[in-house]
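Scroll down for the structure; my scribbles are underneath it.
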Amino acid sequence: MADFVTIPQIDAASSAVRARIHTQPQIALILGSGLGELADSVENPTIIPTQEIPFWPVSTVPGHKGRLIIGQLEGKEVLVLQGRTHFYEGHDISRIGLPIRVMQRLGIKTLILTNASGGLKDDFYAGDLMLIKDHLALLPMAGENPLRGPNLDEFGPRFPDMSAIYNPELIQLAEEVGAELGLKLKKGVYVGLSGPSFETPADCRFLKMVGADAVGMSTVPEAIVAKHGGMAILGVATITNKIDPDGTNKATHEEVLQVGDQIAPNLMKLLKGVLRRL
Ligand code: HPA
């Protein structure tokens, strides 16, 4: 039986969070592999380990701490998820959307998604930041859509529009902030796969051919649930490894975490600049 997220579960999870916070978060951030340190700059933090939230899909990946940090960043009320949960950990795809539903229940209207990804495009290198202009939903195309199952009408329609899933105004804002800070931002299409195995050379050649610029194992299910619930989404992919022009991908998780550490300061500057101007 598929484990579809239900309204009572969303209510239980969001009540558990609300009971422990005194602020009204306005912006949520999800931090990808190796990027969790950004959470340390949250001021007046309330920290909630996600294991303490009912129905939350628990994250088991090294480099993913699994906690919510609620407080202020650049004068904005934020909720930061440090340590997202991935489909490959074994949860049903619907459950990967539960954190997003909780954010929506808490009244959060803006979501910033970050991730680690492999660079497919020829001029993408390890250390680059890529603004996600669109995504290729291969997993949902193959049937693993987080909205599969009874539609939660109070969040959004049965057949939601995905034509501008990453908010054009937020992309423009991030580009302006990047230019001000002298960051050379890339922009491209992110493809979300299941993982946990990395891609074969044939996979990579296929992904390039169908228009993907960066490949990772997250973000797409969260973005779909967020858009369904009417959130404005900004997606930033960190390129942690370059995929060779012939499709060879020799990435390791250690490398992903290590390069993530190196990119984190630039990502932090960008996100702080965006938050200031939101
Ligand atoms: N492939 C898939 N996921 C990833 C990669 C990659 O090359 N790098 C970081 N996450």
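Our numbering numbers the first residue of the sequence shown as 767 and each following residue consecutively.
We treat Cβ as the ideally placed atom computed from N, Cα and C, and that holds for glycine.
State yes or no: is the C-beta of residue i nearer than 7 Å to some heavy atom of the ligand HPA?
i	result
Lys972	It is Phe, not Lys, that sits at residue 972 in the sequence shown. Not so, every heavy atom of the ligand HPA lies at least 7 Å from the Cβ.
Ile862	no
Met896	no
Thr1006	yes
Gly1001	no
Phe964	yes
Ala1017	yes
Ile1009	yes
Gly982	yes
Ala903	no
Gly884	yes
Val1040	no
Val976	no
Val1022	yes
Gly893	no
Gly961	yes
Who are residue i's beta bridge partners in DSSP?
i	result
Leu1046	Lying outside 767 to 1044, the shown extent of the chain, residue 1046 is not represented and no answer is given.
Leu897	Lys953 and Val1002
Ala940	Paired residue(s): none; Ala940 is not in a bridge.
Glu840	DSSP output for Glu840 lists no bridge partner at all.
Leu1033	Answer is none; Leu1033 lacks a bridge partner.
Val846	Leu795 and Ile835
Asn1007	Gly884
Gly958	Gly982
Glu809	Gln838
Does DSSP classify residue i as helix, strand or coil?
i	result
Glu965	coil
Ala779	helix
Asn1015	coil
Gln817	helix
Glu988	helix
Arg914	coil
Thr774	Per the sequence shown, residue 774 should be read as Pro rather than Thr. The answer is helix: DSSP assigns Pro774 an H, G or I state.
Ile859	helix
Pro972	The sequence given here has Phe at residue 972, not Pro. In this structure, Phe972 counts as helix in the three-state DSSP scheme.
Arg786	coil
Gly802	helix
Ordered along the chain, which non-local residues of its own chain (more than five positions away) have a Cβ less than 8 Å from that of residue i?
i	result
Ile931	Asp900, His901, Ala989, Ile990, Lys993 and Ile999
Gly863	Val771, Pro912, Leu913, Pro987, Glu988, Ile990 and Val991
Lys1008	Gly884, Gly885, Phe890, Tyr891 and Ala892
Starting from the C-beta of residue i, find all residues in its chain whose C-beta is less than 6 Å away, skip the five residues before and the five after it, and write them out in chain order.
i	result
Glu910	Ile859
Lys1038	Glu840
Ser761	Absent from the model: residue 761. The displayed extent of the chain is 767 to 1044, so no value can be given.
Ile796	Leu847, Arg850 and Leu879
Gly961	Tyr854 and Met983
Lys974	Leu886
Let's see if you can read the secondary structure: which residues bound the beta strand (DSSP E) around residue i?
i	result
Pro865	Premise fails: Pro865 lies in the alpha helix (DSSP H), Leu864 to Arg871, not in any beta strand (DSSP E).
Val981	Ala980 to Gly982
From what residue to what residue does the alpha helix (DSSP H) around residue i run?
i	result
Pro906	Leu904 to Met907
With a threshold of 7 Å on Cβ separation, who are the neighbours of residue i within its own chain once the five nearest residues in sequence on each side are excluded?
i	result
Pro967	Asp1012, Gly1013 and Thr1014
Lys831	Gly802, Gln848 and Gly849
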